[in-house]
Each structure stands twice: as C-alpha cells, then as structure tokens.
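Visitor: Input: one structure, supplied below.
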Amino acid sequence: MPSFVISDKCDGCKAQDRTACQYICPNDLMVLDKEKNKAYNRAVDMCWECYSCVKICPTQAIEVRGYADFMPMGGVVQPLRSTDSIMWA
Numbered sequence: 000m001p002s003f004v005i006s007d008k009c010d011g012c013k014a015q016d017r018t019a020c021q022y023i024c025p026n027d028l029m030v031l032d033k034e035k036n037k038a039y040n041r042a043v044d045m046c047w048e049c050y051s052c053v054k055i056c057p058t059q060a061i062e063v064r065g066y067a068d069f070m071p072m073g074g075v076v077q078p079l080r081s082t083d084s085i086m087w088a
C-alpha cells in the first residue's frame, strides 16, 4: 500500500530545507515541490511501504491507499497517533 500526499493538508513543513518525509524516507522518494511548497512521492511503485513518512508527517497529510484486494477502491488508511502509540483506521 504505497503512500500519497494530500496536497490540501501539506504545508511543506513550513518551507524548511527538507520536509520531515524527505528526511525519514529510506528510499529517498519524497520530494518537495518548491514552487507549490508541497511534498509528493515521486515514484509510488518504488515505495518500500515502511510508512515512516505517514507516521512522521506533522500535519497528517500523508495517507496510504490500499490495494483493491485489501480494501474497497477509493478507501484510505490513516494513522491515529497519540503520544505513545499509533493505530490505523
């Protein structure tokens, strides 16, 4: 289930040099579009599906799209974070 960025929620980590998702992605797939100040996954098919970007995003702008055999088309999975745990809903 590769990750994707909801552009309406993404603030580009407030125009820092690197976004949180860029910093944490082990495969260097997350890119910041400097003109729009929005991050995106540049190669969804190369995603390792570690979900580090989903977990670290301070604005919860990154979600996971499930495969059709896993969940209905159009469904998404979001992390519900607390101070000491993460649940997927």
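Following numbering that gives the first Met the number 0, the residues of the sequence shown are numbered contiguously, the last one being 88.
Beta carbons are placed, not taken as given, at the ideal position from N, Cα and C, and that holds for glycine.
Keep in mind it's a predicted model, so treat the numbers as computed, not measured.
I need the DSSP call for A38, collapsed to helix, strand or coil.
Guide: It is a strand residue.
Visitor: Opposite K85 in the DSSP bridges: which residues?
Guide: It should be pointed out that residue 85 corresponds to Ile in this sequence rather than to Lys. R80, per the DSSP bridge assignment.
Visitor: Considering only C-alpha positions, which residue in the set T82, A42, V53, D83 is nearest to C9?
Guide: Measuring from the Cα of C9, the nearest candidate turns out to be V53.
Visitor: Reducing DSSP to helix, strand and coil, say where S51 ends up.
Guide: It is helical.
Visitor: Given a threshold of 16 other Cβ atoms within 10 Å of its Cβ, counted over all protein chains shown, does C46 qualify as buried or as exposed?
Guide: Classification for C46: buried.
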